[in-house]
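Peer 1: Provided herewith is a single structure, encoded as structure tokens, for subsequent inquiry.
In the numbering used here, the protein residues as written are 727 to 1066.
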């Protein structure tokens, strides 16, 4: 026996106040749970940064006090000023910014060329080369650190410098070494940037190139005037990632340049001997030595707070940078490397 559904009964059930209230309640509880989950995850992620900011503007007399863990009762700029003096912030910020900016642009050049070739140009061994590119992402940079170091220690491509100058050139301690690493695709995360460009170029319609060739445009004109302008989202993603990672990089900078003008190098040296760094700054600053600030250099809580303030000054430019370009960066990341 087949039972037929009564449309009138179904219509009445859909407007039943109890069912409607139950549905609204379940939707409200589901939304509330999602927002609570996002709030908890956001707090766990932002907790170190919020605690860092709180300690930066906390009075030194309140350090270690249980009543001023998050919100200081007395605000002070002493920690910020001491950390600012330890880093020598304006000079080292300018040097680091220019260096990292050059590295980011140098990494984009081989990445966009290799990504386009692997995505569009048919040639024998393309898949093998792409597999080697993926291998560079997997293999840690420490594996090839010694050959790279010896290469820059006795830099002599095709024996050019030996024939002209009589001996190889030593690039260790020079910024040229990290620039050459970036320009040759051996820089930090270089393989990942090639992968991002390759995946993006595979999403572009081939009709763009075909129509350009029909109009008489050659390969170079098609690439630089049509393909490259359309690669803006991928280029922005690669530039932001390269800039942030090179800004925070300590491995390549310490291995090849170890220049004290770099913020990360200076930060590492200060944190390794925090008390000596504070005392040296205390002797070299007239404002700190005249008793205007407390500066308890031997207090471990004070040393840890200054270290946290140094970290805050390091990441502050990145926070401002991300806030400026966050909308374009998210859009570019959404369109880069998600297909193909």
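From the three backbone atoms N, C-alpha and C, an ideal C-beta is built for every residue, glycine too.
Could I get the ranges of all uninterrupted alpha helix (DSSP H) runs contained in the region 942 to 996, with 4 residues as the minimum, in chain order?
Peer 2: 945 to 948, 958 to 973
Peer 1: Are the CB atoms of residue 998 and residue 811 nearer to each other than 7 Å?
Peer 2: Sequence index remark: in the chain shown, residue 998 carries index 272 (1-based). Sequence index remark: in the chain shown, residue 811 carries index 85 (1-based). It is not a contact, given that the beta carbons lie outside the stated cut-off.
Peer 1: What is the residue span of the alpha helix (DSSP H) that residue 868 lies within?
Peer 2: For this step, residue 868 is matched to residue 142 along the chain shown. That residue, residue 868, is in no alpha helix (DSSP H); it is neither H nor E in DSSP.
Peer 1: The ligand HEM and residue 1039: does the residue's C-beta get closer than 6 Å to at least one heavy atom of that ligand?
Peer 2: Absence of the ligand HEM from the depicted structure is noted, as is the absence of any ligand whatsoever, leaving it without description.
Peer 1: May I have the straight-line CA-CA distance separating residue 992 from residue 1038, to the nearest angstrom?
Peer 2: Within the chain shown, residue 992 is the residue found at index 266, counting from 1. Within the chain shown, residue 1038 is the residue found at index 312, counting from 1. Residue 992 and residue 1038: Cα-Cα distance of roughly 14 Å.
Peer 1: In this structure, does DSSP put residue 881 in helix, strand or coil?
Peer 2: Along the chain shown, read from residue 1 onward, the residue named residue 881 stands at position 155. Of the three classes helix, strand and coil, the one that applies to residue 881 here is strand, per DSSP.
Peer 1: Would you mind sorting residue 984 into buried or exposed? The rule is 16 or more other CB atoms within 10 Å of its CB.
Peer 2: Counting from 1 along the chain shown, the entry for residue 984 is found at position 258. Exposed: under 16 other Cβ atoms inside 10 Å.
Peer 1: Looking only at C-alpha atoms, which of 994, 970, 1036, 1040 sits nearest to residue 1048?
Peer 2: What you label residue 1048 is simply residue 322 of the chain shown in a count that begins at 1. Comparing Cα positions, the closest option is 970.
Peer 1: Taking all protein chains shown into account, do 16 or more other C-beta atoms lie within 10 angstroms of the C-beta of residue 761, making it buried, or fewer, making it exposed?
Peer 2: Translated into positions along the chain shown, residue 761 becomes position 35. Residue 761 is exposed by the Cβ-count criterion.
Peer 1: Looking only at its own chain, which residues have a Cβ that is under 6 Å from the Cβ of residue 975, when we skip the five neighbours before and after it?
Peer 2: One-based indexing of the chain shown puts residue 975 at position 249. If we look at residue 975 and ignore the five residues flanking it on each side, its Cβ neighbours are 914.
Peer 1: Who does residue 801 pair with in a DSSP beta bridge?
Peer 2: Here residue 801 refers to the residue found at position 75 of the chain shown. Per DSSP, 784.
Peer 1: Mapping the DSSP letters down to three states, classify residue 1021 as helix, strand or coil.
Peer 2: If you number the chain shown from 1, residue 1021 lands on position 295. It is coil, neither helix nor strand.
Peer 1: Going by DSSP, which residues form a beta bridge with residue 895?
Peer 2: Start at 1 with the first residue of the chain shown, and residue 895 comes out as number 169. Bridge partners of residue 895: 881.
Peer 1: Whole angstroms is fine: what's the gap from residue 696's alpha carbon to residue 857's?
Peer 2: In the structure displayed, the chain extends from 727 to 1066; residue 696 sits before or after that span and is not available.
Peer 1: Does residue 911 come out as helix, strand or coil in the three-state DSSP assignment?
Peer 2: Position 185 of the chain shown holds residue 911. If DSSP states are grouped into helix, strand and coil, residue 911 belongs with coil.
Peer 1: Got a sec, what are the start and stop residues for the alpha helix (DSSP H) residue 937 sits in?
Peer 2: Here residue 937 corresponds to residue number 211 of the chain shown, with the count starting at 1. Taken as a continuous stretch (DSSP letters only), the alpha helix (DSSP H) holding residue 937 covers 933 to 940.
Peer 1: From residue 883 to residue 935, what distance separates their C-alpha atoms?
Peer 2: As a working note, residue 883 is residue 157 in the chain shown. As a working note, residue 935 is residue 209 in the chain shown. When rounded, the distance between both Cα atoms is 36 Å.
Peer 1: Return the chain-ordered list of same chain residues with a C-beta closer than 7 Å to the C-beta of residue 1044, the five sequence neighbours on each side being excluded.
Peer 2: On the chain shown, position 318 is the one that residue 1044 refers to. Closer than 7 Å at Cβ, skipping near neighbours: 970, 973.
Peer 1: Can you tell me which of the three DSSP states residue 671 falls into?
Peer 2: Within the shown structure, residues of the chain are numbered from 727 to 1066, placing residue 671 beyond reach of any answer.
Peer 1: Does the region 778 to 786 come within contact of the region 800 to 815, defined as at least 3 CB pairs closer than 8 Å?
Peer 2: yes
Peer 1: Does the Cβ-Cβ distance between residue 808 and residue 1051 come in under 7 Å?
Peer 2: Here residue 808 refers to the residue found at position 82 when the chain shown is read from its first residue. Here residue 1051 refers to the residue found at position 325 when the chain shown is read from its first residue. Against a cut-off of 7 Å, the Cβ pair of residue 1051 and residue 808 comes out as no contact.
Peer 1: If you reduce the DSSP assignment to three classes, tell me which class residue 757 lands in.
Peer 2: Position 31 of the chain shown, counted from the first residue, corresponds to residue 757. Reduced to three states, the DSSP call for residue 757 is helix.
Peer 1: Could you check the C-alpha separation between residue 757 and residue 770 for me, to the nearest Å?
Peer 2: If you number the chain shown from 1, residue 757 lands on position 31. If you number the chain shown from 1, residue 770 lands on position 44. Rounded to whole angstroms, residue 757 and residue 770 show a C-alpha spacing of 20 Å.
Peer 1: Taking the continuous alpha helix (DSSP H) assigned at residue 919, which residues delimit it?
Peer 2: The residue you call residue 919 lines up with position 193 of the chain shown. That run of the alpha helix (DSSP H) goes 916 to 929.
Peer 1: Residues in its own chain within less than 8 Å of residue 778 by CB, not counting five upstream and five downstream?
Peer 2: Here residue 778 corresponds to residue number 52 of the chain shown, with the count starting at 1. Sequence-distant partners of residue 778 (beyond 5 residues in either direction) whose C-beta falls short of 8 Å from its own C-beta, in its chain, are 1034, 1035, 1037, 1038.
Peer 1: Using the beta-carbon count (16 or more within 10 Å), is residue 905 buried or exposed?
Peer 2: Counting from 1 along the chain shown, the entry for residue 905 is found at position 179. Counting Cβ neighbours within 10 Å, residue 905 comes out buried, since at least 16 surround it.
Peer 1: Between the region 881 to 895 and the region 924 to 943, do three or more beta carbon pairs fall short of 8 Å?
Peer 2: Touching, no.
Peer 1: If I'm right that residue 878 touches residue 903 with Cβ under 8 Å, what's the distance once you round it to whole angstroms?
Peer 2: For this step, residue 878 is matched to residue 152 along the chain shown. For this step, residue 903 is matched to residue 177 along the chain shown. Yes, they are in contact, since the Cβ atoms of residue 878 and residue 903 sit about 5 Å apart, within 8 Å.
Peer 1: If you reduce the DSSP assignment to three classes, tell me which class residue 836 lands in.
Peer 2: By one-based count along the chain shown, residue 836 stands at place 110. Reduced to three states, the DSSP call for residue 836 is helix.
Peer 1: If you draw a straight line from the alpha carbon of residue 850 to that of residue 911, how long is it in whole angstroms?
Peer 2: As a first step, residue 850 must be located in the chain shown, where it is residue number 124. As a first step, residue 911 must be located in the chain shown, where it is residue number 185. Cα-Cα distance, rounded: 21 Å.
Peer 1: Distance, Cα to Cα, residue 846 vs residue 853?
Peer 2: The residue you call residue 846 lines up with position 120 of the chain shown. The residue you call residue 853 lines up with position 127 of the chain shown. Inter-residue distance for residue 846 and residue 853 is about 12 Å (C-alpha atoms, whole angstroms).
Peer 1: Does residue 918 pass the burial test, meaning 16 or more other C-beta atoms within 10 Å, or should it be called exposed?
Peer 2: As a first step, residue 918 is located in the chain shown; it is residue number 192 there, counting from the start. Result: buried.
Peer 1: Can you tell which of 750, 751, 789, 766 has the C-alpha that lies nearest to the C-alpha of residue 1026?
Peer 2: As a working note, residue 1026 is residue 300 in the chain shown. Nearest option by C-alpha distance: 789.
Peer 1: Should residue 979 be labelled buried (16 or more other beta-carbon atoms within 10 Å of its own) or exposed?
Peer 2: Looking up residue 979 in the chain shown gives position 253. Taking a 10 Å sphere around the C-beta of residue 979, we find 16 or more other C-beta atoms and assign the residue as buried.
Peer 1: Going by beta carbon distance, what residues of the same chain come within less than 6 Å of residue 735, once the five residues before and after it are set aside?
Peer 2: Here residue 735 is taken as the residue at index 9 of the chain shown, counted from 1. Unreliable positioning characterises residue 735 in this predicted model, as indicated by a pLDDT of 49, which lies under 50. The coordinate reading is nonetheless provided below. So the list is empty, once near-sequence residues are dropped.
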